[in-house]
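Student: Chains as they are written, first to last, in our numbering: chain A, 974 to 1536; chain B, 974 to 1536.
1) Are residue 1183(A) and residue 1134(A) closer than 8 Å when you measure CB to CB?
2) Are the C-beta atoms of residue 1516(B) and some chain E residue less than 8 Å apart?
3) Less than 8 Å between C-beta atoms, sequence neighbours within five positions excluded: which residues of the same chain meet that for residue 1466(B)?
4) Kindly give me the distance between the Cβ atoms of residue 1259(A) and residue 1396(A), rounded to whole angstroms, as I take these residues to be in contact under 8 Å.
5) Would you mind reading off the limits of the alpha helix (DSSP H) that contains residue 1482(A)?
6) What do you reckon, are the CB atoms on residue 1452(A) and residue 1517(A) nearer than 8 Å?
7) What residue from 1305(A), 1097(A), 1408(A), 1514(A) has the CA that sits closest to residue 1462(B)'s CA?
8) Among the residues of its own chain, which have a CB less than 6 Å from the CB of residue 1319(A), if the five just before and after it don't count?
9) Measuring only between beta-carbons, confirm whether residue 1521(A) sits less than 8 Å from chain B.
10) So which residues on chain A does residue 1395(B) lean against when the C-beta distance must stay under 9 Å?
11) Please work out which residues of its chain come closer than 6 Å, Cβ to Cβ, to residue 1346(A), disregarding the five sequence neighbours upstream and downstream, and give them in chain order.
12) Using only the alpha-carbon positions, how far apart do residue 1107(B) and residue 1166(A) sit?
13) Considering only C-alpha positions, which residue in the set 997(B), 1021(B), 1003(B) is nearest to residue 980(B)?
14) In this structure, does DSSP put residue 1535(A) in helix, strand or coil?
15) Under 8 Å, with one C-beta from each stretch per pair, do the segment 1002-1018 of chain A and the segment 1072-1091 of chain A reach the 3-pair mark?
16) Report the rounded CA-to-CA distance for residue 1340(A) versus residue 1285(B), giving the unit in angstroms.
17) For residue 1029(B), count the other beta carbons within 10 Å of its own beta carbon; 16 or more makes it buried, fewer makes it exposed. Which is it?
18) Return the bridge partner residues of residue 1182(B) from the DSSP annotation.
19) Would you call the segment 1025-1045 of chain B and the segment 1371-1385 of chain B touching, i.e. three or more CB-CB distances under 8 Å?
20) Could you name the residues of the same chain whose beta carbon sits closer than 6 Å to that of residue 1498(A), not counting the 5 residues immediately before and after it, in chain order?
21) With DSSP as the reference, label residue 1501(B) as helix, strand or coil.
22) Could you give the C-beta distance for residue 1473(B) and residue 1354(B), rounded to a whole number, given that I count them as a contact under 8 Å?
23) Using 8 Å as the limit for Cβ to Cβ distance, is residue 1453(A) near chain B?
24) So, residue 1299(A) versus residue 1311(A), is the Cβ gap smaller than 8 Å?
25) When the distance is taken between beta carbons, is residue 1255(A) closer than 8 Å to residue 1185(A)?
26) Looking at chain B, is there any beta carbon in it that lies within less than 8 Å of the beta carbon of residue 1482(A)?
27) What separation, rounded to the nearest whole angstrom, lies between the Cα atoms of residue 1558(A) and residue 1458(B)?
28) Quick one: using the 10 Å Cβ neighbour count with 16 as the cut-off for buried, is residue 1344(B) buried or exposed?
29) Please confirm if residue 1531(A) has its CB atom under 8 Å from at least one CB of chain B.
30) For residue 1462(A), decide whether its Cβ has a neighbour in chain B, counting only Cβ atoms nearer than 8 Å.
31) Looking at residue 1330(B) and residue 996(B), is the spacing between their C-beta atoms short of 8 Å?
32) According to DSSP, simplified to helix, strand and coil, what is residue 1411(A)?
33) In chain order, what are the residue ranges of uninterrupted alpha helix (DSSP H) at least 4 long that sit wholly in the segment 1078-1165 of chain B?
34) Please go through the same chain and pick out, in chain order, the residues whose beta-carbon is closer than 6 Å to the beta-carbon of residue 1219(A), but skip the five residues on each side of it.
35) Determine the chain A residues that contact residue 1174(B) at a beta-carbon separation under 7 Å, and present them in chain order.
36) At the level of alpha carbons, what is the spacing between residue 1193(B) and residue 1147(B)?
Structural data, given as structure tokens:
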């Protein structure tokens, strides 16, 4: 079945569950009127459904490939990219001064979800570019902004993030790429980078690499790292792509999925680069880019889950066997839980985006803290739901799910990268329980207050659901106190299950709001989430409390099978 | 890292947890002395590790392919198959009268696990052949046994199971393949079959298809189905492959994994076949074959989990980043839970095999009922653990896990078929709560008694673990009563989570025995299972009790995203 962008569900959430109204009420985002929002969602949905979704299989069957040192994209990807660029979708929330539309991130996140659901491998290109736009807006000097932002926003050029090196995975501080001043105000960058998404392509005219490298006087570790803009073609005096820079694509990775997205090994061989932000301040700029991308990746999970669920439901509905297998209790159980989790993950992601917008518009530190807290949850839970639902989609298809032609397997292979990139979900969980709870858990407790207030408010209308949400929040509060009081290693050992439990309570909270504001079907879906998904918290919270000692005590030999 | 067959773990389970001793104490299996068992495990382990494991990647990179109507196997597969055949592993538990070794199924299951862990795609060939041997032993006449069994046992020929048709997935009764008597005591078979594993190959000299088809007077539905032996080459008067039969491989499926296993679309075009068992008795014979295969598939899940876990642990141990990442709490948590689940699934599978052997040796209906009850649990839980641990293996590798060259992704792609074939796990759950509990839950209660007795016996030695296992069994007993008292649709809706919960209680039971009988590491692993895995039962049992009404009430439109 063809993907249909979930415009109605997103519109309902932005209307009633995580309303955009408070964002649109700010001076900064006054243009985000209900009419504008409706027009944008509908137009982006149409493009995703009609233009991008038909390209999804092409990328899988005909991966991007390297020919004479240049990447040749999958069939139709150039046209798909052009549609995204021409629609103005890349710069939807970018600064109007440089050609952006200046609209809320929330809208951008919603639109990105629809593009990713239609064609994940292609959507990665604008996603990375948007991260680069954000980094430049915050950290580049005016000349660089003037030169690069309009091109990135228009899609004439695209942006990449060059972080990982062969010898250093998540340990960025170990990087060995060097940057040497060349006496002309610029630098010469030398080193190899891996996992560079869309590191080269033929969909537009230039690729702009943001590269982390160490200056000669850079300290060891992350403190000595600087960020450089290293374009594939050096802009000439008119800002047009000119001389080729000294960099090349060494090879493309052979991956489990997202075959349409060229994942490059890049070699910088004295390539010319421009410093972005101050010397040795590279990590701050990179974090700006990564944080934006983390929420985006969470929504990629939601996106593929939506697509996989639609296909599985359509398949189950069409199967003649024993009537429609969608009426088969176990199949219906899987589909219903999947739908309930997709709603929860989408609402969490949009709530995170809403907090980002309010932070931008009001500079209220509470909004900043809220967005920071929700980001790892949105990333990790969204991508886990993506994998869970895509996996369920394969299962609902039975034997046909394992055959590549149905596309169910592609969703699973494609989405499987999302819990890994932009910081593995394990790293998100560490971020949550260490950095984001370094306030003594204050932000967590405020969110729990909000959730319990919501449950109290719903008590009269739907006492059973409200009670279950209240209880789950109360149990989570107790677990939060335990986490806060635990030593760091115990906390790290419990981080992932704790994050999962927090996500479900948030999801139940948004479901409860949806049940109150929505129709009968919304109430039923909320009840399914609370009855069938939320109780999984018992298992996760038991593990969150279990600490480190038993893991530490298990001899290493046990893992290798010699227990 | 190269796969190392888990000989020690299997030997420990057969020694102390699910002892083989009661099986070896029967007249039927008196040859299964401790020395013989040790020799067999060690020899099979050596072959798996040294001969089969090196072939695993070949199948993925160079899939089996169809050339001029014949299947050409992946490089090295013919040699690997020859090693399996020459080792006598195909007929390890087959009837000695026809060349088998007549040893317990339990040993066969253990050996099969090691072969599957080394090279799943290749192991499917003997697995299917073993199912066919079993079906012929029970249902064929003497002449057919004399002709086919020695060839199948020696590996000169192999066996397939032709069940599924394009228009009828799990609904076997809808099949349309016809069988017409040809007046010579044989039949002409006409129809198309899909998903035929190893439906053709060049690893040996003949392929014997057991084909379900309907005789002209066969009733509609499953009652009118008969089973036929349809060899690729008709045996001549000397029992050698002679004239080619009228059947062909139409195409091979392009699958997510197990690329080395040719999955054929078969066309029977008036092919000559011999009736197996009585007219219209095909389903009984096919069930013999499928039941044997179901346990085997469960062990395939365990097998790939073991392989994926070994690789992930080795990778984590080698990673220099932040020291070894195996000391990182979240990574260690994932590896430890994976190891604990692999042990549980393996013990359940071997317990099922033990019950089968005791049933064979003693004809005690209690043993038969026990094996029947444990089969769907072993299949479903084993394969779910397979997917869960292979998925974890990818995650532990981080970005490298998504790159095909590490092999972590192959394990996930390969094992993903196991929850689907030989009856999806949803079908296993239905089998458990309907057929296997049609005794009013008596078998379930007897197993729970045994588990609670075990917990009581452990109380003095390890009170915390014993208490947790006792409580979990008591909670499961209550849920079992609820299931029994529920209407059929409610029971079906709760079947899958109920099965999962039962598997974990069984797993905890075997861990508790291992903790009492084994060393310190065994105690620690048991504690990890009970602390971290068993509590997931709370979520599953909540869902098992949730029934059908809320699923029924959710409008179909909700699945498509229009909720």
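Here a beta-carbon is modelled for each residue, glycine too, at the ideal position from N, C-alpha and C.
Tutor: A quick look at the data gives this:
1) To locate residue 1183(A), count along the first chain from 1; it is residue 210. To locate residue 1134(A), count along the first chain from 1; it is residue 161. A contact, by the Cβ cut-off of 8 Å.
2) The structure shown has no chain E; the protein chains it does contain are A and B.
3) Translated into positions along the second chain, residue 1466(B) becomes position 493. If we look at residue 1466(B) and ignore the five residues flanking it on each side, its Cβ neighbours are 1519, 1520, 1521, 1524.
4) Residue 1259(A) sits at position 286 when you count from the first residue of the first chain. Residue 1396(A) sits at position 423 when you count from the first residue of the first chain. Contact between residue 1259(A) and residue 1396(A) fails: their C-beta atoms lie close to 11 Å from each other, not under 8 Å.
5) As a first step, residue 1482(A) is located in the first chain; it is residue number 509 there, counting from the start. According to the DSSP assignment, residue 1482(A) belongs to the alpha helix (DSSP H) that extends over 1461-1490.
6) Numbered from 1 along the first chain, position 479 holds the residue referred to as residue 1452(A). Numbered from 1 along the first chain, position 544 holds the residue referred to as residue 1517(A). Yes. Within cutoff.
7) Here residue 1462(B) refers to the residue found at position 489 of the second chain. Nearest C-alpha to residue 1462(B): 1305(A).
8) The residue given as residue 1319(A) occupies position 346 in the first chain. Result list for residue 1319(A): 1275, in chain order.
9) The sequence position of residue 1521(A) within the first chain is 548, counting from 1. Taking CB atoms only, residue 1521(A) has a neighbour in chain B less than 8 Å away.
10) One-based indexing of the second chain puts residue 1395(B) at position 422. Result: empty, since nearest Cβ-Cβ is about 11 Å, beyond 9 Å.
11) Against the first chain, residue 1346(A) aligns to sequence position 373. If you ignore the 5 residues before and after residue 1346(A), its C-beta comes within less than 6 Å of the C-beta of 1409, 1416, all in its own chain and listed in chain order.
12) In the second chain, counting from the first residue as 1, residue 1107(B) sits at position 134. In the first chain, counting from the first residue as 1, residue 1166(A) sits at position 193. C-alpha separation (whole angstroms): 55 Å.
13) Here the question's residue 980(B) lines up with position 7 in the second chain. When only C-alpha atoms are compared, the closest one is 1021(B).
14) Taking the first residue of the first chain as position 1, residue 1535(A) is located at position 562. The predicted model places residue 1535(A) with a pLDDT of 47, which falls under 50 and marks its position as unreliable, so this point remains unresolved.
15) Contact between the segment 1002-1018 of chain A and the segment 1072-1091 of chain A is established, with three or more Cβ pairs separated by less than 8 Å.
16) Position 367 of the first chain, counted from the first residue, corresponds to residue 1340(A). Position 312 of the second chain, counted from the first residue, corresponds to residue 1285(B). When rounded, the distance between both Cα atoms is 39 Å.
17) Mapped onto the second chain, residue 1029(B) falls at position 56. By the 10 Å Cβ count, residue 1029(B) comes out buried.
18) Within the second chain, numbered from 1, the residue matching residue 1182(B) stands at position 209. DSSP, once it has assigned bridges, lists 1133(B), 1203(B) as partnering residue 1182(B).
19) The segment 1025-1045 of chain B is in contact with the segment 1371-1385 of chain B.
20) Looking up residue 1498(A) in the first chain gives position 525. Excluding residues within five positions, the ones whose Cβ falls inside 6 Å are 1313.
21) What you label residue 1501(B) is simply residue 528 of the second chain in a count that begins at 1. Helix.
22) Here residue 1473(B) corresponds to residue number 500 of the second chain, with the count starting at 1. Here residue 1354(B) corresponds to residue number 381 of the second chain, with the count starting at 1. Between residue 1473(B) and residue 1354(B) the beta-carbon gap is near 7 Å, inside 8 Å, which marks them as a contact.
23) In the first chain, counting from the first residue as 1, residue 1453(A) sits at position 480. Not one chain B Cβ lies under 8 Å of residue 1453(A).
24) Taking the first chain and counting its residues from 1, the one referred to as residue 1299(A) is at position 326. Taking the first chain and counting its residues from 1, the one referred to as residue 1311(A) is at position 338. No, the pair does not count as a contact, with Cβ atoms beyond the cut-off.
25) Counting from 1 along the first chain, the entry for residue 1185(A) is found at position 212. Counting from 1 along the first chain, the entry for residue 1255(A) is found at position 282. Going by C-beta atoms, residue 1185(A) is nearer than 8 Å to residue 1255(A).
26) Indexing the first chain from 1 puts residue 1482(A) at position 509. Taking Cβ atoms only, chain B never reaches closer than 8 Å to residue 1482(A), which makes this a no.
27) This structure gives no information on residue 1558(A), because the portion of chain A shown stretches from 974 to 1536.
28) Taking the first residue of the second chain as 1, we reach residue 1344(B) at position 371. Looking at its Cβ environment, which holds 16 or more other Cβ atoms inside 10 Å, residue 1344(B) is buried.
29) Stepping through the first chain from its first residue, residue 1531(A) is reached at position 558. Using beta-carbon distances, residue 1531(A) counts as an interface residue toward chain B, with a partner under 8 Å.
30) Residue 1462(A) sits at position 489 when you count from the first residue of the first chain. By this cut-off, residue 1462(A) is an interface position.
31) Translated into positions along the second chain, residue 996(B) becomes position 23. Translated into positions along the second chain, residue 1330(B) becomes position 357. A contact, by the Cβ cut-off of 8 Å.
32) Position 438 of the first chain, counting from 1, holds the residue named residue 1411(A). Residue state, collapsed to three classes: coil.
33) Secondary structure within the segment 1078-1165 of chain B: the alpha helix (DSSP H) runs of 4 or more consecutive residues, fully enclosed, are 1078-1091, 1093-1112, 1115-1127 (chain order).
34) Counting from one through the first chain, the residue named residue 1219(A) turns up at place 246. Answer for residue 1219(A): 1242, 1243, 1244, listed in chain order.
35) Residue mapping note: residue 1174(B) aligns to position 201 of the second chain, counting from 1. Within 7 Å Cβ-Cβ: nothing; residue 1174(B) doesn't reach chain A, min ~20 Å.
36) In the second chain, residue 1193(B) corresponds to position 220, counting from 1. In the second chain, residue 1147(B) corresponds to position 174, counting from 1. Looking at the two C-alpha atoms, the distance is approximately 8 Å.
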